[in-house]
Amino acid sequence: MRPIFLFILFCCIPFQQLFAQKNSVGHFFSTGTLSTASYSIYAIDARSGDLLCETDQKSLTSASVMKLFTTAVALEILGPDYTFSTSLYYSGNIDPQNGTLTGNLILKGGGDPAFCSSFFKDHYKDCIATWVAQLKKCGVKKIEGNISLDLSALEHASVPGGWAWDDIGNYYGAGVSAITYMDNLYDIQFSSSKTVGVKTTIKSIDPEIPGLILDNNVTSSAEAGDQTIVYGAPGALHQTIEGTIPSDQTDFVIKAAMPDPPQIAGQALLKKLKEEGIDLSGSIIKVPEGDKSNRILVGTQLSPPLKDLIVPLNKESLNLYAEHLLCEIGRKFSGEPSRAKGLEAYHRFCLDKGIDSRGFFPSDGSGLTRSNAMTSKMLVETMKYLYDGPNRMIFLNALPIAGVDGTLRNSFKGTPLEKNVTAKTGSMAHVRSIAGLMRTKSKRTILFAILINNFDLKSQEASKLLESILLSFYNN
Numbered sequence: 159m160r161p162i163f164l165f166i167l168f169c170c171i172p173f174q175q176l177f178a179q180k181n182s183v184g185h186f187f188s189t190g191t192l193s194t195a196s197y198s199i200y201a202i203d204a205r206s207g208d209l210l211c212e213t214d215q216k217s218l219t220s221a222s223v224m225k226l227f228t229t230a231v232a233l234e235i236l237g238p239d240y241t242f243s244t245s246l247y248y249s250g251n252i253d254p255q256n257g258t259l260t261g262n263l264i265l266k267g268g269g270d271p272a273f274c275s276s277f278f279k280d281h282y283k284d285c286i287a288t289w290v291a292q293l294k295k296c297g298v299k300k301i302e303g304n305i306s307l308d309l310s311a312l313e314h315a316s317v318p319g320g321w322a323w324d325d326i327g328n329y330y331g332a333g334v335s336a337i338t339y340m341d342n343l344y345d346i347q348f349s350s351s352k353t354v355g356v357k358t359t360i361k362s363i364d365p366e367i368p369g370l371i372l373d374n375n376v377t378s379s380a381e382a383g384d385q386t387i388v389y390g391a392p393g394a395l396h397q398t399i400e401g402t403i404p405s406d407q408t409d410f411v412i413k414a415a416m417p418d419p420p421q422i423a424g425q426a427l428l429k430k431l432k433e434e435g436i437d438l439s440g441s442i443i444k445v446p447e448g449d450k451s452n453r454i455l456v457g458t459q460l461s462p463p464l465k466d467l468i469v470p471l472n473k474e475s476l477n478l479y480a481e482h483l484l485c486e487i488g489r490k491f492s493g494e495p496s497r498a499k500g501l502e503a504y505h506r507f508c509l510d511k512g513i514d515s516r517g518f519f520p521s522d523g524s525g526l527t528r529s530n531a532m533t534s535k536m537l538v539e540t541m542k543y544l545y546d547g548p549n550r551m552i553f554l555n556a557l558p559i560a561g562v563d564g565t566l567r568n569s570f571k572g573t574p575l576e577k578n579v580t581a582k583t584g585s586m587a588h589v590r591s592i593a594g595l596m597r598t599k600s601k602r603t604i605l606f607a608i609l610i611n612n613f614d615l616k617s618q619e620a621s622k623l624l625e626s627i628l629l630s631f632y633n634n
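With positions in the sequence shown counted from 1, the corresponding number in the working numbering is that position plus 158.
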């Protein structure tokens, strides 16, 4: 009788509960180096929604998987075909006899995160030259006036208050602006000595930033890669660079955050005017409240649609794009293009879609703020909403593929996870996170999220830990 009883008992255990028992992950965190770590893990069957694995749902720092949630809200509130615009106008009159414009050029930003971006060269082509060519068609040969930068479309604060001082001067710490230009980045070209420990030389800055002062404390090193930090507040033209680059380099380039993107866009326009023989008598001025003069449109450039913008946002983890989307979500949600209103929309999205948002404390759209916190269950429920909706493929096509592209291009190669995991990752000091979709060994499709905080591991060891957990999902 006993074997029969055991068989009946086994059959009475719900499948998802049995699967969750098999996928217990507690043993991964039982060693000494992980005994202080906090973790939140959740996984479900993508089609049925059956629970496959769940740990205590702690609210933890999410790092860049926050972009996954921002993407979901943007697709819902803005829509996949949403576009941004940047326009050039002129005020005053053009003398038909000598081609003199007596008035201003007005460059009006619309919060486009990708304007003149290196990720969309084919879309924008030569974005500044396009406008100058249109001006010439209007008969303009000389301008007696200013280049007026209309920044009224976006709040003045360029970076969230919670971003760290050693982040905001670097390429990944570029802040938002009504006029964003070339991803709000500039290149610093170095040369370094063959001898380790020798101060480097800055060879060039591109694009040119008038008035920029760089205190260069970067030295040559035997260590590979870019180990530099750029310190500089938004708008500040005096910046400091610390750290190292490899020795014996003649053309080593690092990227830093532009201190004043609208001004640099205006400089690019002024430079192109001069190259085309159009003199401008005035200067570049900012009008945050908008130029109230009568305007005549020269031309408008639209961004790629949102469904294309979210591809580099997620695959290359672009903080700038995520922060722009947060502000635009705020505009669409409330009429006010601000982070505060965008974050209100985040909470409304969860409420409307029935997503368990307990422990959700968003501070930005990108995850660069350490005060962002959420649970793995919330992430998975967000992905399940997308997976079941009309934007499923748009969402999945924007995520990195393990061993193939984006931030996962070098991850999980040579393992069963390669090409079977499509996910967004996040990392900062003592934080690792990943959330996405997996095709398992049994051909099952699962949605999962893993958040780990405050571990005592080196970066490579933390990555191997994530790999081990994911392999347990894959095999079971």
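Ideal placement from N, C-alpha and C gives every residue a C-beta, glycine not left out.
Residue closest to residue i, alpha-carbon to alpha-carbon, out of the options
| i | options | result |
| --- | --- | --- |
| D364 | V356, P404, I387, Q425 | Q425 |
| N374 | T353, E381, I346 | I346 |
| R516 | R528, D510, T533, S529 | T533 |
| S378 | P238, Y197, T359, D324 | T359 |
| S198 | T219, G207, A204, R205 | T219 |
| P247 | A311, K465, G261 | The sequence given here has Tyr at residue 247, not Pro. It is G261 whose Cα lies nearest to the Cα of Y247. |
| L427 | N633, Y479, N612, I443 | I443 |
| A195 | L628, N634, S591 | S591 |
| T402 | K430, A391, V356 | V356 |
| S430 | V290, I412, G500, R497 | It should be pointed out that residue 430 corresponds to Lys in this sequence rather than to Ser. Considering only alpha carbons, the answer is V290. |
| A230 | N612, T288, G523, T598 | G523 |
| V354 | L455, V376, K535 | V376 |
| P392 | K490, S245, W321, Q618 | W321 |
| G383 | E366, P404, G369 | P404 |
| Y543 | L192, R205, Y200 | R205 |
| L226 | G457, S349, Q459, K473 | K473 |
| N477 | D563, A587, N328 | N328 |
Buried or exposed (CB count within 10 angstroms, at least 16 for buried), residue i
| i | result |
| --- | --- |
| C211 | buried |
| K180 | With a pLDDT of 41 at K180, under the threshold of 50, the predicted position of this residue should be treated as unreliable, though the coordinate-derived value follows. Exposed. |
| Q255 | exposed |
| L323 | The displayed chain sequence assigns Trp, not Leu, to residue 323. That one is exposed. |
| L235 | It should be noted that the sequence gives Ile, not Leu, for residue 235. Buried, since its Cβ has 16 or more Cβ neighbours within 10 Å. |
| T603 | exposed |
| E494 | exposed |
| S529 | exposed |
| E433 | exposed |
| M224 | buried |
| G512 | exposed |
| I371 | exposed |
| R510 | Reading off the sequence, residue 510 comes out as Asp, not Arg. Its Cβ having fewer than 16 others within 10 Å, D510 is exposed. |
| D308 | buried |
| Q618 | exposed |
| G435 | exposed |
Per DSSP, cross-strand counterpart(s) of residue i
| i | result |
| --- | --- |
| R590 | S585, I610 |
| A415 | L343 |
| R516 | Per DSSP, none; premise fails for R516. |
| T386 | G401 |
| L595 | T580, L605 |
| F410 | F348 |
Residue i Cβ short of 7 angstroms to the ligand SAM heavy atom set
| i | result |
| --- | --- |
| D203 | For the ligand SAM, the structure offers nothing, since it holds no ligand at all. |
Residue-level contact to chain B via CB, residue i, 8 angstroms cutoff
| i | result |
| --- | --- |
| I422 | Checking the listed chains, one finds no chain B in this structure; it contains a single protein chain. |
Touch check for the region 300-317 and the region 504-520: three-plus C-beta pairs under 8 angstroms?
no
What residue ranges within the region 250-316 form continuous beta strand (DSSP E) runs of no fewer than 3 residues, ordered along the chain?
258-260, 263-266, 300-302, 305-308
Pick out the complete alpha helix (DSSP H) segments inside the region 194-261, 4 residues or longer, and give them in chain order.
224-235
Inter-stretch contact at 8 angstroms, needing at least 3 Cβ pairs: the region 266-274 / the region 323-339:
yes
Contact the region 290-302 vs the region 415-423: 3+ CB pairs below 8 angstroms:
no
Three CB pairs or more closer than 8 angstroms across the region 568-579 and the region 518-525:
no
Can you list the beta strand (DSSP E) stretches of 3 or more residues lying completely in the region 323-381, in chain order?
343-349, 359-364, 371-379
Would you call the region 268-288 and the region 315-330 in contact, with 3 or more CB pairs under 8 angstroms?
no
Uninterrupted beta strand (DSSP E) stretches inside the region 424-504 (no shorter than 3 residues):
442-445, 454-460
Could I get the ranges of all uninterrupted alpha helix (DSSP H) runs contained in the region 522-571, with 4 residues as the minimum, in chain order?
534-546, 550-555
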